[in-house]
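Accompanying notes for the structure given below.
In our numbering, the protein residues as written are 93 to 616.
In structure tokens, the structure reads:
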């Protein structure tokens with residue numbers, strides 16, 4: 093179908109005395125169209141007054157009924173179906189028109205042109221008050237920004253007003269929004285807001301469009317590669333989403349969130365302007381309630397509300413959340429996997445697969461867990477102990493080797509070494525193994541005790557073990573025995589025994605030189 097002539101405008105200007113040339117030149121119309129309109133009006137006896145109250149479409153049909161009749165010969169298209177299909181990833185109007193054309197060929201009917209197909213869809217979205225799917229697809233992207241306007245609460249201790257910023261996120265398709273009050277705009281706050289945002293939505297979009305904040309974007313040149321900071325890039329990798337910042341100084345690149353910021357300012361900040369908050373918690377709760385109202389308000393120009401459109405059309409197309417939420421992390425490099433298949437971290441121990449015994453690993457530490465990497469590959473994940481817990485083990489029994497496999501040390505070999513020192517040393521080492529759930533957990537504490545024999549005599553170490561047992565230690569460890577040995581307790585104890593048992597035969601003891609001759613593993 094050709095572009096419809098603006099018949100009402102042409103007739104009005106012509107009756108005002110403008111020539112056809114002037115109408116064509118000043119209104120950017122073809123002279124041929126102007127002539128056709130004036131001639132058709134004269135032929136049918138119509139003036140501008142006859143069409144003044146009509147729409148442009150109705151006036152055009154009145155003057156050119158034959159053209160309208162020609163248009164009706166085309167096979168009508170199901171625009172409701174077209175609208176639904178366009179919401180699916182990869183579906184375009186061009187593809188749907190091709191399918192429509194094939195159907196017309198099979199039916200033996202006349203297909204409308206691609207341009208008319210597009211115009212009919214545009215008319216459908218306007219008449220039905222729908223949002224066109226040509227720009228946004230459900231579950232495809234989310235837009236985030238800080239609100240320019242602030243909220244406040246009164247600090248009861250100082251009486252001062254504390255500024256509160258709003259983090260705003262919006263899904264362009266449904267306009268379903270998320271708002272989180274924050275006390276600052278620092279990087280950790282920015283990242284945590286993203287974590288809370290995705291938890292709120294219950295899924296992840298394929299694209300994330302932020303503003304060009306220094307908290308997330310390192311450089312964004314007009315030409316060349318956009319560089320995200322490490323933490324923001326890591327967050328994107330964790331959630332498997334692509335971060336595509338809006339163009340520098342071009343807010344139209346993310347119009348939904350720009351508009352939503354203004355809407356939130358009205359829906360939340362303005363509605364709470366007369367409320368005085370005395371704590372950050374009370375302010376957050378009020379914002380949460382107003383956000384709920386905002387998302388459940390009925391649309392003015394379309395059916396349903398943001399929440400319903402999101403749950404029915406958008407959420408099913410979003411990707412699932414990862415197993416764990418993102419946490420800010422700190423890396424620790426070149427940690428050695430010990431002989432017991434564990435790696436030490438903050439005075440606790442976490443198991444690794446036994447094939448990595450003696451190798452260097454890197455630890456990615458987060459608030460609630462650690463991830464262990466070897467050559468960039470994650471080999472283990474553990475829940476992390478709290479800051480006040482010490483000398484505890486996180487052990488996956490599947491990480492432990494079979495008896496004798498890949499081990500330089502065994503429980504039997506360690507106990508045999510302890511027996512060479514004395515009965516008390518043997519009892520201490522046995523208690524070490526009895527105190528752990530997995531025997532490999534006892535290797536390091538047991539060996540650290542026995543290696544005190546390199547610094548002290550066997551008699552001194554045996555005496556220290558006896559003292560520790562008599563003092564009531566349930567499972568003496570290196571720290572206890574080293575404290576006893578470094579003080580005068582052993583010498584005092586031995587002197588006391590000698591004075592009480594001077595009539596008994598002298599006990600043969602091996603000196604430190606004898607034990608220093610042992611190599612690793614107690615071999616001479």
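Note that the Cβ used here is the ideal one computed from N, Cα and C, for glycine as well. Since the model is a prediction, treat every value here as computed from it, not as a measurement.
Have a look at the DSSP bridge pairing and note the partners of residue i.
| i | result |
| --- | --- |
| residue 261 | 236 and 270 |
| residue 443 | 434 |
| residue 427 | 453 |
| residue 331 | Answer is none; residue 331 lacks a bridge partner. |
| residue 303 | Note: residue 303 sits in no beta bridge, so no partner. |
| residue 359 | Looking at the DSSP assignment, residue 359 forms no beta bridge with any residue, so it has no partner. |
| residue 202 | 166 |
| residue 255 | 244 |
| residue 463 | 456 and 473 |
| residue 397 | 390 |
| residue 411 | 296 |
Beta-carbon within less than 7 angstroms of residue i's beta-carbon, same chain only, minus the 5 sequence neighbours each way: which residues are those?
| i | result |
| --- | --- |
| residue 244 | 253, 254, 255 and 256 |
| residue 507 | 518, 521 and 522 |
| residue 414 | 330 and 331 |
| residue 617 | What the structure shows of the chain is the stretch from 93 to 616, and residue 617 is not part of that stretch, so it cannot be assessed. |
| residue 516 | 554, 557, 558 and 561 |
| residue 371 | 245 |
| residue 469 | none |
| residue 482 | 439 and 440 |
State the DSSP-derived secondary structure class of residue i, mapped to helix, strand or coil.
| i | result |
| --- | --- |
| residue 516 | helix |
| residue 524 | helix |
| residue 485 | strand |
| residue 576 | helix |
| residue 297 | coil |
| residue 104 | helix |
| residue 422 | strand |
| residue 473 | strand |
| residue 276 | coil |
| residue 97 | coil |
| residue 114 | helix |
| residue 119 | coil |
| residue 371 | coil |
| residue 192 | helix |
| residue 498 | Low per-residue confidence applies at residue 498: pLDDT is 42, beneath 50, and the placement is therefore not dependable, though the value from the model is reported in the following sentence. Of the three classes helix, strand and coil, the one that applies to residue 498 here is coil, per DSSP. |
| residue 289 | helix |
| residue 567 | coil |
| residue 148 | helix |
| residue 491 | helix |
| residue 129 | helix |
Can you list, in chain order, the residues of its chain with a C-beta nearer than 8 angstroms to that of residue i? Leave out the 5 residues immediately preceding and following it.
| i | result |
| --- | --- |
| residue 471 | 444, 445, 448, 453, 464 and 465 |
| residue 397 | 387, 388, 389, 390 and 391 |
| residue 134 | none |
| residue 342 | Reliability of the predicted coordinates at residue 342 is poor, the pLDDT of 47 falling under 50, and no value is obtained from them. |
| residue 378 | 364, 367 and 369 |
| residue 199 | 167 |
| residue 177 | 183 and 188 |
| residue 290 | 296, 331, 413 and 417 |
With a cut-off of 8 angstroms on the beta carbons, I'd call residue i and residue j a contact; round off their distance for me.
| i | j | result |
| --- | --- | --- |
| residue 97 | residue 118 | About 16 angstroms separates the two Cβ atoms, so there is no contact after all. |
| residue 151 | residue 99 | 5 angstroms |
| residue 107 | residue 140 | 5 angstroms |
| residue 545 | residue 576 | Residue 545 to residue 576, Cβ: 14 angstroms. No contact. |
| residue 179 | residue 230 | 5 angstroms |
| residue 46 | residue 237 | Outside the shown range of the chain, which is 93 to 616, sits residue 46, and nothing can be said about it. |
| residue 126 | residue 112 | 5 angstroms |
What does a CB cutoff of less than 6 angstroms around residue i pick up in its chain, not counting 5 residues either side in sequence?
| i | result |
| --- | --- |
| residue 196 | 167 and 203 |
| residue 336 | 299 and 301 |
| residue 192 | 169 |
| residue 266 | 398, 401, 402 and 406 |
| residue 216 | 171 |
| residue 565 | 572 |
| residue 104 | 140 |
| residue 427 | 435, 453 and 455 |
| residue 383 | 271 |
Counting only beta-carbon atoms, is residue i nearer than 9 angstroms to chain D?
| i | result |
| --- | --- |
| residue 130 | Looking for chain D here will not work: only one protein chain is present. |
For this session: Could you say if the stretch 439 to 453 and the stretch 329 to 338 meet the contact criterion of at least three C-beta pairs nearer than 8 angstroms?
Result: no
Problem set entry | Given 8 angstroms, three or more beta-carbon pairs between the stretch 456 to 472 and the stretch 401 to 421 | yes
Exercise. Any chance the stretch 530 to 540 sits against the stretch 431 to 443, with 3 or more Cβ pairs inside 8 angstroms?
Worked result: yes
For this session: Examine the Cβ distances between the stretch 395 to 412 and the stretch 272 to 288 and report whether three or more of them are shorter than 8 angstroms.
Result: no
Exercise. Okay, do the stretch 566 to 578 and the stretch 532 to 545 touch, 3+ Cβ pairs below 8 angstroms being the bar?
Worked result: yes
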